[in-house]
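The structure appears below as structure tokens.
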Amino acid sequence: ICIMNPIWLASYPRSGNTLVRTILFQCFNLQTGSVYSNDLGGNIGLENYVGHIEQNEDRSIDFPDGSLPIIKTHTYHKGNNPTIYVVRDGRAAAVSLWEFTNPKVSMTNIIEGRHKFGMWCDHIESWDPLSRPNTLLLKYEDILNNLDSILLQLSNFLDRDIINNQLPSRDTIAGNDGKWVRKKTDWRSVLSEADLNRFNEINQQFLEQFGYI
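Count along the sequence shown from 1, then add 2; that gives the number in this note's numbering.
Right, here's the structure in full:
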């Protein structure tokens, strides 16, 4: 089945998208797809934990009967479909993206958007999650610190009952993967003063708007 009207699960890369997919599966029994083929690198253990449904050869996704067509994307704004938008402190997301590239893209290029996902602020501006209709905005930091509240918001938005309110520990999953799900690092110990100043300069509006500075 080719899904024409999915519910988007959108975020800038490394902002908690995989974590939300995991919550949807572990806490609501909702499997999710992705606009990217081989999204989790073929790690079957991780796919089973996240509830990932791999694309068919024609790029369609077969969702189980009675499920919801929720599809992950890091692209810029796509139409008016209902959307869960995940935002994370852009400095942490930038450092995580730099580490994820292993690091083939320089920190400066990540900060200034010289890669396929662009700048953190441009992604947020594109989706405009604070005023976009039919949009549930989740902050990554709230997911980590107040899961019960996040579960209630997801339950209301998706009209689905919570079936479980516990997640296995992040370190357990990171031990299984280490690329998509990584052990926690502190961006403050990675960003140089010059890179931090440049990031703050470019992204000040949204850093302030979302309470990160």
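For every residue, glycine included, the Cβ atom is placed at its ideal position computed from N, Cα and C.
Small disclaimer: the values here were computed from a predicted structure and weren't measured.
Expected contact under 8 Å - CB spacing of residue i and residue j to nearest Å
i, j, result
"P8", "I72", "7 Å"
"S98", "R16", "4 Å"
"Q28", "L140", "Between L140 and Q28 the Cβ distance is about 16 Å, and since that is not below 8 Å, they are no contact."
"L70", "L32", "6 Å"
"I165", "F30", "6 Å"
"G92", "N205", "5 Å"
"S128", "H76", "With a Cβ gap of about 11 Å, S128 and H76 do not count as contacting."
"T34", "L26", "6 Å"
"Y142", "R190", "Not really, about 16 Å apart at Cβ, beyond 8 Å."
"A95", "F201", "So it is not a contact: roughly 10 Å between Cβ atoms."
Burial state of residue i (16 or more Cβ within 10 Å)
i, result
"C123", "buried"
"I126", "buried"
"I112", "buried"
"R61", "exposed"
"G18", "buried"
"S36", "buried"
"G53", "buried"
N- and C-terminal bounds of the beta strand (DSSP E) containing residue i
i, result
"S13", "9-13"
"I73", "72-75"
Check: residue i C-beta below 6 Å from any heavy atom of the ligand MN
i, result
"S194", "Ligands in the displayed structure: none, and consequently the ligand MN is not present."
Delimiting residues of the alpha helix (DSSP H) encompassing residue i
i, result
"T137", "Segment 137-141 is the beta strand (DSSP E) holding T137; no alpha helix (DSSP H) there."
"F65", "Where F65 is concerned, there is no enclosing alpha helix (DSSP H), given that its DSSP letter is neither H nor E."
"I204", "195-211"
Bridge partner(s) assigned by DSSP for residue i
i, result
"H54", "T34"
Handout entry: Segments of 3+ residues assigned as beta strand (DSSP E) that fall wholly inside the region 68-123
Key = 72-75, 85-89
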